[in-house]
Every structure is written in structure tokens, then in C-alpha cells.
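Keeping their order, the protein sequence lines are chains P and S. Following the numbering used here, the numbering of the first sequence begins with 9 at its first residue and continues without gaps. Following the numbering used here, the numbering of the second sequence begins with 9 at its first residue and continues without gaps. Just below is one structure, and these are the notes that go with it.
Number of protein chains: 2
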Amino acid sequence: MYRSHTNGELRIEHINQQVTLCGWVQKSRDLGGLTFVDTRDRYGITQVVFNMDDNADLCKQARSLGREFVIQVEGKVAERSNKNKNILTGEIEIIAEKLTVLNASKTPPFTIEDETDGGEELRMKYRYLDLRRNPVQKNIRLRHQIGLATRNYMNSLNFLEIETPYLIKSTPEGARDFVVPSRMNEGQFYALPQSPQTFKQLLMVSGYDRYFQIVKCFRDEDLRADRQPEFTQIDCEMAFVDQEDILNTFEGLIRNLFKEIKGIDLPKVDRMTFDDAMKYYGCDKPDLRFGMKFNDLNEVTKNKGFKIFDEAEAVIGICAEGAAQFTRKQLDALTDFVKKPQVGAKGLVYVKCNEDGSFKSSVDKFYSQEDLAEWAKTCNAKAGDLLLVLSGNLDATRKQMNELRLHMGNLLELRDPNVFKALWVVDFPLLEWDEETNRFHAMHHPFTSPKAEYFDKLETAPGEVKANAYDMVINGVEIGGGSIRIHDKQIQKRMFDLLGFTEEEANEQFGFLMNAFEYGAPPHGGIAFGFDRICSIFGGSESIRDFIAFPKNNSGRDVMIDAPAKIDQEQLDELFLSVKEPIV
Amino acid sequence: MYRSHTNGELRIEHINQQVTLCGWVQKSRDLGGLTFVDTRDRYGITQVVFNMDDNADLCKQARSLGREFVIQVEGKVAERSNKNKNILTGEIEIIAEKLTVLNASKTPPFTIEDETDGGEELRMKYRYLDLRRNPVQKNIRLRHQIGLATRNYMNSLNFLEIETPYLIKSTPEGARDFVVPSRMNEGQFYALPQSPQTFKQLLMVSGYDRYFQIVKCFRDEDLRADRQPEFTQIDCEMAFVDQEDILNTFEGLIRNLFKEIKGIDLPKVDRMTFDDAMKYYGCDKPDLRFGMKFNDLNEVTKNKGFKIFDEAEAVIGICAEGAAQFTRKQLDALTDFVKKPQVGAKGLVYVKCNEDGSFKSSVDKFYSQEDLAEWAKTCNAKAGDLLLVLSGNLDATRKQMNELRLHMGNLLELRDPNVFKALWVVDFPLLEWDEETNRFHAMHHPFTSPKAEYFDKLETAPGEVKANAYDMVINGVEIGGGSIRIHDKQIQKRMFDLLGFTEEEANEQFGFLMNAFEYGAPPHGGIAFGFDRICSIFGGSESIRDFIAFPKNNSGRDVMIDAPAKIDQEQLDELFLSVKEPIV
């Protein structure tokens, strides 16, 4: 044993005990006669004192310690004269009697402090040093706790964690599959799973009934800011259930996690249809920490001579409470915001609802005080509020207004990371039309069941068919989604057909699943949660990368180990592969 | 909700309750007026009764059910007249009132029974049906339980489960790496980890102190009978520990698992040096459920005119208790056994220690009764025992005798799968000489620390250096192994040098680790357990495949989904790859 206690363990009741501590030198202060060294480990920080009068050699040795040296200290616990209430061990210190340097350290390229001076790139290259910092350790610990709590909760409900294979077969969404050449099967490839979808469905066919798995998934795609080529899911499936059972079960999981990890009693999770989410928030993952619901102003704005509104498919207004005092400059900034190419509106109309009951708008030329009063009424605005109005094509206007609403939420500080609003979005469309490829795509995936009452429309109006599909959204972030699955071979065939698979393609890719459906497949459904995402929500951060021990950068590279990398010709030969010469 | 209860749930106290059950038709018996249907789910089997007199239509519907149909039954719980004590619900039955077929089933290609009529190949192709069988479900449930118990135990000791990346860099043992071409990084490859070794060491450098992970690992190699290209490890690492701490901690884990999962109090785990294991059992993973230790007969067999022994480097005997009554035929079979090419001995000498105190041997021509009495004394044999003696080159003879000893253990039924003998094998050599490549290989891996007292020998006699390396062996199976690691850059460099790495190669492959060692690396060590292997030991089976939901066959193929498979040229193009034409 290198140590008798950790650096977070010693208290006033340990005084006079002989102890041995190990840790990293956080800092040392040389006060002439006394040298203080703070030693750190993941449990805390303890102050060690070296006294020149007592032992000059030892004190000199202590003076030579640099930051991040790994040391072992033997000594006696003593009460501190000036106690430090900010740390757990702040009432005591160690009077050093022996010091061993277990390993020296070069000066680290950035400070190992809560607020470091290291930039993102440097910290990623030396991730093993970044991981020493307290905020990062807190995140990694949180992730461990959420994982364990999830497993114990699922187990308490009789779910079995079952490992599904990582070396599987490439699927039609194959363009995003990572593939793995096989040495033993010449010219053939495995694929890494984008999700264990088909396997968990097979487990339902096998009668496992309640399955879950915390599992890595893989997607080889251009990485948006907060995506990773490998990510972790809490993947779940149940048999003999309908949508209601799934929503209740997994709402239970999320509420249990909030209770156990954060001590928060999350209320019953509200539900909203996809159509309502689009209508009132312009997106399928509304942030419900604040209001500012969309209001349809079509009726009250038309035919007053304002051509832009008259010609618009949609005129949508939101009411920002208490924002009537926004200055000209602030309003201009809002206009600039909506005109940014990422948002794409042509302009912004505002109406200030003044305290005296009058209105001031950017379209006073066209609308009377009475007209604007009608707008305000439609938007439930009161004196002191600010109306913001966008118009144009319905889909585009909703999208723009969603951006503006979130922006206003930020400006008015209505998006508190310590407040949690969860929501089920339900009744998603089964299909979405893809203009590029001119065919339907599955909105969720090809295994999602249409709602029974829409079966007829599969033939006549597939675009209108609603699915038994649902997402869980917390604070405007989709943390999970799932569906009731098709368990009937004929419906599954029809679905592949709608999605433009030939029968041959469907059989080649998913024949095993459709065959399985012929041997007594039970009704089933499930959900997959983004584990990285749940961790980041619980940790109050926007970035999943902060919750992954060794993340990749936006180009999918691990800059610490320098991967991916070239491999030997010999290795390629064994795989029957050659890398094409780049075209110069 | 499709059901009110499972098929394993109803008891005598539920009588007269209205219930709804779902499940698969295990079997149905038509007794004219009554039809009995056994419905099955993973919780059990319940008998459902259809009465022709009560409801002829319903009864006829029941008669049309086939094996493995998925049904939903509503009815009332009633007491059975002839109770079945073999099943949990054997005291009751359901008087059916309504029957819904949730899905039909074709006749399955093999019976879904504990003892099935399906061969291995068929069961693998229809793995989703094989997984319905009770013995397989039991294994999958056991695996879930062991995983959860491991996680909770490790958590109770302050270990954090930390996920390490799956997309890493190819290493020098690269020939066995699965590689993954990157679309975003032209001509470059990731590798799938053979173990998270370097990452867990970095986590120690990062101060995480106690890490574990239940994690998939990958190895692209010719598969021996019981290997899988993807397998699962319980991977663990600790800092500020010596070998003793690690042995105690993980002995604790294994004993806790035995207690919690099997209700067995495993005694303190014995320890044996590698040298002793080789000397007394001829292998580094002795099965200690039985004795038959090796005895060195060199001294008592030499110079009596038996040329074979006189010229042998080693003469080794074992004593099979009570086996003196072996017949001529049985002894011939033993000789045949040792002469099999897989064992490779030239012949077998036996000595029967007769009940009357006399000896009968196959070499009576050369040895007197007094000589043979000396052998028996050396082997601690008593009247009624059988001595078996092999001779030749030391290493070969040990190997052969190990095979013979295990064979005798089987014959004498000394290897009870319900008895568990755990053992730490310690003090492994650091290096082993490889005749083929004419250089040293790391016996464990290149990060294993030599024992401090052997540091000098690293230069003078590397082959004699012992390492701080250890294996845990249960019933002759290695279930885990690990070592104290090198945490000093200079020693690590020297180690790479001994293993024939150039400095450039070492830096390219492991520069990040050696750099990390310069920033305050603590002393650390760890272990990795084969999770599939632990499950199979606990389940009393020899095959890990029985404990994997979707295993691959000996060619690394998943015959159910038919992977690996060819991929599109388009997909290859995106990866800048071409598959070479096979040479005809």
C-alpha cells in the first residue's frame, strides 16, 4: 500500500494520527522557515507542511518539488491554525516526516486548475492532463453515476442487459457505416453498428421481453459541432407493449435519474403532438423552460395594405414579456439576427406594447392602434411586452421564428441550465418526402409502425400517415427517441416498398429480420437515449465532448494518439486491399 | 398493456382472478372436450384450458394454434385438479374466455425445448429461435447478473467505469488488429482495440486512481474452437498500488461474485509461482480440483539399465489414487492417449501399487520391487494407486504430463463443474524467447514491469527476469491476468528496446504514452478478466459461445445475418479503397 488515506479523507478527528498520502503537487509555497505543499488526488487536496527548523534536509527536498510531481508523504495529522473552509480537509494539515518522489513531472503545457490557461487544441493533445482538472473529473464521475443508476433501475424493472455484436453487416444507410475488412473472409467487410436496432428486435422475437444495453454506436459522417463518430446509447426494447407503456416506463427511468443523481423531483412529463410542436414552437424539440408560444397572426394582419404580410403564407408572432423597453439598438440587433444567413428571414416586425396602453410598431404606417391591439390580444400580450413578428412561407417562417424564440430566451435569461423541463413529442409522421432523391424517407427508421388508424392512407396518402413514434426532449434537446415497431412481415415488406427498396434489396439487407417475423414475433417497441447527451444535460453543459474521456475532434481525429493513421502495405495485403492513389 | 401477468407469476392465491396472459404456444393437447394450451414466456409456462362445452368456437380456435404462435389469452385463474410440481404455476390453470392470435408462426426448424433436435449450424442460422430455449435464456440472464454484480461491487470500492474509445490506432501487434478505413481522412485507418491497455494507463496518469470497464475487445486472428473475434473484458486499473493490493482487490471481486451469484463462499485464493505451476502441473493454469502433482523421478529411475529413462532430461510421475485396478485395456487406452499427435509422447510407463504391497509395472524387466517401492514413495503412492510415468525433454514431458493428468482427472471424475478452485499464478517471466523471430517477446505485454530485484538482469540475462505479472485461474481456466505496469519513461524505453522496437517505432506507436509518463505518472497496475469466460465458468459450461447472444462461428462469420459480406464499389470509392482481384 502506497497510502493510508486519500487527500480528501482527513478531518479534525484524525489529529495526531500517523498517515501516508500520495498525490500530485498542486502548488507549493516557500515561506522561508516553512514550506507548504498542497497534494492533490481525485478525492481532494491536503496541505503538507515542511519545517526548516525541524528537518532542514526534508524541507529543502520539498522546495525542489515542481508542479504535478507525484509524491508520497509520511507524517502526522495536525490541526491548522488558519482553517480553509473551501476544502474538505481544510481543518487539518500534515506535518511531514518523510517525502518520496514517486515520479517527477515536466512543467505541464497548461495549468491544472478549474479555469485553465490551455486552449481547446492543446488540451485535446494532452487530454491525459486535461482529465486531471476538477471540472472534467466531475463530468466523468457523473457519467459513471448515471450509467450505474440506469443499470440498477432497469434491472429493478426486470430488464436484462444483453450485448449485441459490434461486427455486423452494412445496411442501406450504408453510406454512413464504418466498415471493417475481414482477413479471414477475403474481400468481405463487417460494418460497425449505427445502432443495435435489428438485434434488439430479434431479441424480442426471442422472447427476452425487456432488453436494454448501454452501448457504443458508430456513424461515419461529417461531424457537426457536437457529434462524435462513436457515441453511446441507452438502447431499450420491450415486447407486449403499446406506446403508452413505453412512455410510462422510460419517463420512469428519466425521473429516477433526476431524483437519484440530482435530487430533483421531475414532474410528470408533458406530451405534445409533433403537429403542435411545429405549430407552437416551430421545431420538434421545443424548449419549454419558457413560453413565447407562436401565435397565428394571419387573420389580424391581412388586408391592411401591408403587401409583405398580405402575400405571406404565414404571419407568426411571439410575445416577449416585459421586453417593451428594448432600445432601438437592441431591436436592430434582433433584425440583424433574423437576417443572418443561418436564420434567413428577410426582416422583422416588432410591436412595443407601451405601459400607457399605446403601441409602437415598425409598421405603424399600415396598422392602426386598434389593429395592433388586435395583434396584442391574439398574442396574449400585456402592457410592457414586445411582439416580434415574422412572415413568409410556413415552414421557413416557423424555422426562423424558432431561432428567434430561442435567441430571445437567451437574451431574457429564460434558459436556466438548473431548470429542467421534459416533454414527450408524439405522433410523428411516418415518412418525410425528400426533394433531392424524390422519394419518401423513414422519419424515424424503416421498422417504425404506422398508427393502425392510418393503415389505409399508406396506399392513398403516405405522407399523411402518423407513426407510433416519440421523442423525449429536455430543455430543447432531444435526448431520446423511439417507436412501436412493425412485427408483421407483410407490413414490413410494404414499408420497404414505400421507401424504394426492391424486394431483392430488402431481402438481402433485412431478410433475417423478415424471416424472424414469420416465427412468432410479438408486438414490440423501444427507445434509444443519447447517453452522452443525457450526461451533458445533467452536467449543465452544452457540449457532449466534455463528458467523454477521450473524444475526437471535428474531423473525427484523436489528436492525442494521432488516429486515424496510415497502415503498412503488409497489413493492407493481408486484407486484400489497396489504397487508391489520390488524383493530383 | 397486452397482459396483466407473466406466465411465471400466477399462484394458488390468484384463483378466481380475471387475467390476461401473452406468450408463445409451447404445446397444445386436444383431448376432445378439452384443449390444453401451454403458453410460454421468459418467466415460465402457464396452462390454459379451452372447454368445448362452454364455448365451442373458442375451443376450435384454440385447436388451430400451432407451435410458437404468439397469443393473448383472457380468462379466469382456476385451481388445477392434477397439479404439476415441476413448474412454478403448476397449481393453477387459466379457463380461457378470449383468445387473440398476435402473430402466427411457421413450424420452427427445430424444437424449442431444453434438449433440442437442432444441430449447431441450424441453431446458429436461426439464433433468434435458439435464444428462446430455456438453457440459453438462463445463460443470457446469468451474464446480465454477473455484469451488474461486477459493476455494483466495483462501484462500492470507488472504482469509476470510464468508456475508452473504440476507434483507435493500429499497434505493433497490428497483424491482429481489425482496421477501420476513415472516409473523412483519406487513406487512413482506425483500429479496433485489442484491449484498452494504453487508455487505462493514461487514466492512471490522469489521476482516476480506480478505473474499470466492461468492454468489447477485438482480435482478427484464426479462431480456435473457443475464441471469438469480438469478446468482452472486465478491464481494471489502479494507481498507488503494488501487486499485493491488486491481488486482494480482485480476489475480492471474484469471491463476491461467487457469493452473490452462486451463493458459494470461495475460500481465500491460493497462490503459486509460475515456476511451481510448471514444475508440479506442467502448465501455467493448473486445475486444482484434484491432486496428481508431478513428481521428479529422475533420481530413483536412473542407472538401472533402462536406456529411455537414462537418456531423458526429465522423468516425471503422477499418482492416480485408487486406479491400480485399471485393466490392461484401460492402460492401453492411456498409452494410445499419450501417443496421440496432439499430446506427442513416445510411450507410457505405469506401475500398479497392488493391495498386497507388491508392484506390477510395464518396466519390470529393468526395475526391482525395491526400485518400484522407491518410485511409489517419491510419488506418495499407497496400495491401490497407479503410477504413470513419462520421460524425455523437460518442457515437452511437462506438457505431455499435463495432458495426461487432466485426462486422468476426467476419467476418475475429479473435475466436478460444481466445485470451484481458484488460484493466483504469480511471478511470470517478463520475456519469452521466440525461436521463429529470434528475439524476445513480452510474455504479458510491453508495459509490464520487471520485478525491482531483477532490474540488473535486464541487461545481463533478460530471459531470467521475473515480472510483477499474475493470472487468476479457476478450475484450470485462465479467467484473468494482469501486471504492475512500468511508469517510468526510461524503463519503458529499455523495454521497447529489448523487444526489438527501434526508437522511431516506439515513438510512433507509443509516443503519447511515453510523453504522458513525463508529466507525473503514478505507480499503477491492473488486470483484465475474460467476461465471456467468467460467465461460462459460472454457468458450468466449457463453451463461451453459449453465453453470447449472437456469437460468430469458427470462421468469424455471423451466419444469421450473413456477415461479413461484400460492399458496393460506391462505398469502396468513398473510402479510397479497392479490393484486389484474387490470384487465380
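Don't be surprised by glycine CBs; every beta carbon is placed ideally from N, CA and C.
Per the C-alpha coordinates, the member of 332(P), 412(P), 122(P) positioned closest to residue 393(P) is 332(P). Neighbourhood of residue 528(S) in chain P, by CB distance below 7 Å: 32, 76, 77, 78, 111, 113, in chain order.
Sequence-ordered contacts of the stretch 262-284 of chain P with chain S are nonexistent [C-beta pairs closer than 7 Å]. Out of 147(S), 36(S), 584(S), the CA that lies nearest to the CA of residue 122(S) is found in 147(S). Less than 8 Å separates the beta-carbon of residue 475(P) from that of residue 451(P). The C-beta distance from residue 113(P) to residue 526(S) rounds to 7 Å, short enough to meet the 8 Å contact threshold. Close CB contacts of residue 22(S) within its chain, under the 6 Å cut and outside five residues either way in sequence, are with 85 (chain order).
In the three-state scheme derived from DSSP, where H, G and I count as helix and E and B as strand, residue 489(S) is classed as strand.
Within the stretch 481-505 of chain P, those residues whose Cβ lies closer than 9 Å to any Cβ of chain S are, in chain order, 495, 496. Taking all protein chains in view, the Cβ of residue 376(S) is surrounded by fewer than 16 other Cβ atoms within 10 Å, so the residue is classified as exposed. Identification of residues in the stretch 206-226 of chain P having a C-beta nearer than 8 Å to some C-beta of chain S yields 206, 207, 210, 211, 213, 214, 215, 216, 217, 224, 226, given in sequence order. Residue 456(S) has 493(S) as its beta-bridge partners, per DSSP. Beta-bridge partners of residue 225(P) (DSSP): 239(P). The beta carbon of residue 370(P) is closer than 7 Å to those of 357, 358 in its chain, skipping five residues each way along the sequence.
For residue 415(S), the closest alpha carbon among the candidates 231(S), 579(S), 344(S) is that of 344(S).
Leaving aside the five residues that flank residue 240(S) on each side, the residues in its chain whose CB is nearer than 6 Å to its CB run, in chain order, 224, 539, 540.
In the assembly as shown, residue 427(S) is an exposed residue. Its beta-carbon has fewer than 16 other beta-carbons within 10 Å. Between the C-alpha atoms of residue 320(S) and residue 374(S) there is a straight-line separation of about 16 Å.
Taking a cut-off of 8 Å on C-beta distances, the stretch 564-579 of chain P touches the stretch 131-141 of chain P, as three or more cross pairs fall below it.
Inter-segment contact for the stretch 17-35 of chain S and the stretch 53-70 of chain S is present: three or more beta-carbon pairs are separated by less than 8 Å. Ranked by Cα distance from residue 437(S), the options 288(S), 255(S), 453(S) are led by 453(S).
Residue 573(P) and residue 187(S) have their C-alpha atoms spaced approximately 10 Å apart. Within the stretch 397-420 of chain P, contact with chain S at the beta-carbon level (separation under 9 Å) is assigned to no residue. Look at the stretch 253-335 of chain P and you find these whole runs of beta strand (DSSP E), each 3 residues long or longer: 278-281, 322-328.
Taking all protein chains shown into account, residue 245(P) has 16 or more neighbouring C-beta atoms within 10 Å of its C-beta and is therefore buried. Residue contact check for residue 561(S) against chain P: no CB pair falls below 8 Å. According to DSSP, residue pairing for residue 25(S) in a beta bridge does not occur. In the three-state reduction of the DSSP assignment, residue 566(P) falls in the strand class, which pools E and B. Note that the C-beta distance between residue 552(S) and residue 145(S) is not below 8 Å. Straight across, the Cα-Cα distance linking residue 209(P) with residue 532(P) is about 8 Å. Residue 574(P) has a beta carbon lying within less than 8 Å of a beta carbon in chain S. DSSP, reduced to helix, strand and coil, places residue 13(S) outside both helices and strands of the structure shown, so it counts as coil. Put simply, of 287(P), 469(P), 542(P), 407(P) the residue whose alpha carbon is nearest the alpha carbon of residue 433(P) is 287(P). With fewer than 16 other Cβ atoms inside 10 Å of its own Cβ, residue 117(S) counts as exposed. Taking each of 534(S), 304(S), 473(S) in turn and checking the Cα distance to residue 385(S), the smallest one comes out for 304(S).
When Cβ pairs closer than 8 Å are counted between the two stretches, the stretch 165-175 of chain S is seen to touch the stretch 545-559 of chain P, the count reaching three or more.
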